[in-house]
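**Q** Input: one structure, supplied below.
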Amino acid sequence: MLPKSLTELEKIRASCKAMVRRRAATSGGMSLIPIPGVDIAGDVGLLLQLIPAINEKFGLTPEQIEELDPRHKVLIYAMLKKVGSDLAGRAITRQLAVAALKKVSVRLATKQVLKYIPFAGQAAAVALSVTAMMYLGNSHIDACYEIARGSIKK
80 MLPKSLTELE KIRASCKAMV RRRAATSGGM SLIPIPGVDI AGDVGLLLQL
130 IPAINEKFGL TPEQIEELDP RHKVLIYAML KKVGSDLAGR AITRQLAVAA
180 LKKVSVRLAT KQVLKYIPFA GQAAAVALSV TAMMYLGNSH IDACYEIARG
230 SIKK
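Each residue of the sequence shown is one higher than the one before, counting from 80 in the working numbering.
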């Protein structure tokens, strides 16, 4: 269900930001595993869980949108187009998660190299992993927030 008030919307945003912080910490922990590709696969898995969970909290899963009355449905689709989100209101597939990770590909490539440098490199890899996941999650929250806020104002 779409949020009904700005107060409810703010609570949802705070809850989602906490969820992103937890998943980012998990992503950072996975970057310490010295097996090539494990952290990237883990990040894809985290995004496959995180993005739909955020969509659901904001009332923006494809199923939730389909249940809306026609007026609200048109409004949501217009807001989706205006905000330009690739992830809100869509079923999240592995391909979409990988595409989202490609947006932070320089950080991820750097992380792959750094994690094999003892101590300082591993710390930098953790930091890059956490910031990449925070960026992706918080960007998606911001897009969902704008879409939901637009539906409240109308």
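In this text, a Cβ means the ideal position worked out from N, Cα and C, and glycines have one as well.
Fair warning: this is a prediction, and the values are worked out from it, not measured in the lab.
Can you tell me whether DSSP reads Leu125 as helix, strand or coil?
**A** Residue state, collapsed to three classes: helix.
**Q** Determine, using beta carbons only, whether Ala227 and Leu81 come nearer to each other than 8 Å.
**A** In this structure, Leu81 lies closer than 8 Å to Ala227 by Cβ.
**Q** Applying the 10 Å Cβ sphere with the 16-neighbour rule, what's the burial state of Ser84?
**A** So Ser84 counts as exposed.
**Q** Would you tell me roughly how many angstroms separate the C-alpha atoms of Tyr156 and Glu142, rounded to the nearest one?
**A** Each residue's alpha carbon lies about 13 Å from the other.
**Q** So, for Ser140: in the same chain, excluding its five sequence neighbours on each side, which residues have a beta-carbon less than 7 Å away from its beta-carbon?
**A** According to the sequence as given, residue 140 is Thr; it is not Ser. So the qualifying residues of the chain are Pro131, Asn134.
**Q** Which residue marks the beginning of the alpha helix (DSSP H) containing Pro115, and which one marks its end?
**A** First-last for Pro115: undefined, no H or E at that position.
**Q** Keeping to the same chain, check which residues put their C-beta closer than 8 Å to that of Met177; ignore five residues upstream and five downstream.
**A** According to the sequence displayed, residue 177 carries Val and not Met. Within the same chain, Val177 has close Cβ partners Val123.
**Q** Would you give the residue range spanned by the alpha helix (DSSP H) that Lys152 belongs to?
**A** Counting along the chain, the alpha helix (DSSP H) containing Lys152 begins and ends at 149-162.
**Q** To the nearest whole angstrom, what separates the beta carbons of Gly216 and Ala104, a pair I think is in contact under 8 Å?
**A** Going by Cβ atoms, the distance from Gly216 to Ala104 rounds to 12 Å, so no, they are not a contact pair.
**Q** Let me know the secondary structure DSSP gives Ser230 once reduced to three states.
**A** Helix, per DSSP.
**Q** Looking at Ser164 and Ala222, is the spacing between their C-beta atoms short of 8 Å?
**A** Against a cut-off of 8 Å, the Cβ pair of Ser164 and Ala222 comes out as a contact.
**Q** Out of Gln174, Val162, Phe137, which has the shortest C-alpha to C-alpha gap to Lys96?
**A** Checking every option, the nearest Cα to that of Lys96 belongs to Phe137.
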